[in-house]
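Shown next, in structure tokens, is the structure this report addresses.
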Amino acid sequence: MGTYVLPFGLFLKSHERVREQEAMAMNLARGMGIPAPRALTYGAVDYPGTVPSVLMTKVPGQHIGRYPTDQIDFEVVKDDLTKILALMRSFASPWGDAICGVDGGHIAGHYIPKSPLPPGDNETGFYQNLRVAARFDRAHLSKRKMEAIAGAEELFKLPPHAIVFTHGDMQWHNIMIMPDSHISAIVDWEAAGWLPDYWEFSTAAIKRGRWGRIMNEEIACNVYEKEVIGHFNLFLTCEQQLIWNW
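Residue numbering for the sequence shown follows this note's numbering, starting at 1 and increasing by one per position.
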């Protein structure tokens, strides 16, 4: 299980978490004009010892973490990513107000409790699904968990957000760049879907490192400050479940 560089400019991703929706997401992104691998085929066999896989084209460049920091022009990266995100967010969802995967179905990802999560008819329904998955109503909660739930509920009380096409894991290791720092591709579309507009930035900021600050403070200009705080609290309500189950 893992990733494999193949001859003829091909790349294979094979893992128990691989879903057909990932292949659909990267081809949807390409159709929007986003630099991404082209998914060629998805395969899954119901047989012991086998795992699903996606065959795709190999993209140029290396992810940001492969370069020494002093060799990266982060202004170039930010400018390219700002344009990419604006393009992604310019398309209307074919599923209306639903919070869902690219195919209108379940939502998967590192920051989704009990992933894949059933779609919500709207943002309110999505939040209710999150409450159930994160078990907000379980007994004998610690003070820390109760405070985290209260913080997550503040997120859920905010006015409705626009529903936009979202990568769902826009961390530095999923952004491929060339030696001149220009972005060559966005990879790993397993968490993509139609999600509230803050989700791209709040998930990036959860790790609270340099990249999270770049996404939240410099690219989004702190527009989603309340959402980032609320989403971090949501993460705290179910962090062990997320880490172990995805």
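Cβ coordinates follow ideal geometry from the N, Cα and C atoms, glycine included.
Is any beta-carbon of chain C found at less than 8 Å from that of residue i?
i	result
SER142	This model lacks chain C altogether; it includes just one protein chain.
Suppose you measure from the CA of residue i to the CA of residue j; what does that come to, to the nearest Å?
i	j	result
LYS207	LEU81	19 Å
GLY2	ARG144	36 Å
LEU28	HIS140	44 Å
ARG38	LYS226	36 Å
GLY33	PHE136	40 Å
Please look up how many angstroms separate the CB atoms of residue i and residue j, rounded, as I've assumed it's under 8 Å.
i	j	result
ILE229	PRO35	Wrong, their Cβ atoms sit about 32 Å apart, outside the cutoff.
PRO160	GLU123	5 Å
VAL102	GLY31	That pair is no contact at about 11 Å.
SER53	LEU12	6 Å
Below 7 Å CB to CB, which residues in the same chain sit around residue i once its five sequence neighbours on both sides are set aside?
i	result
ASP169	GLY109, HIS110, ASP188, ALA191, THR203
Whose C-beta lies closer than 6 Å to the C-beta of residue i among residues of the same chain, with five residues either side of it excluded?
i	result
GLY61	MET176, ILE177, MET178, SER184
LYS114	ALA133
GLY254	Only positions 1 to 246 of the chain appear in this structure, which leaves residue 254 out of reach.
Indicate the three-state DSSP secondary structure (helix, strand or coil) for residue i in the structure shown.
i	result
TRP246	The predicted position of TRP246 is uncertain, since its pLDDT is 41 and thus under 50; a value taken from the coordinates is nonetheless stated next. TRP246 falls in the coil class under three-state DSSP.
TRP172	helix
TYR42	strand
LYS114	coil
THR57	strand
ILE266	Because the chain spans 1 through 246 in this model, residue 266 falls outside it and cannot be assessed.
Closer than 8 Å by C-beta to residue i: which residues in its own chain qualify, once you throw out the five before and the five after it? Chain order, please.
i	result
PHE74	SER181, ILE214
HIS63	TRP172, HIS173, ASN174, ILE175, MET176, ILE177, VAL187
Given 8 Å, three or more beta-carbon pairs between the stretch 147-166 and the stretch 174-184: The answer is no - the stretch 174-184 does not touch the stretch 147-166, with fewer than three Cβ pairs under 8 Å.
Given 8 Å, three or more beta-carbon pairs between the stretch 196-216 and the stretch 43-50: The way I'd put it, the stretch 196-216 doesn't touch the stretch 43-50; fewer than three beta-carbon pairs between them come closer than 8 Å.
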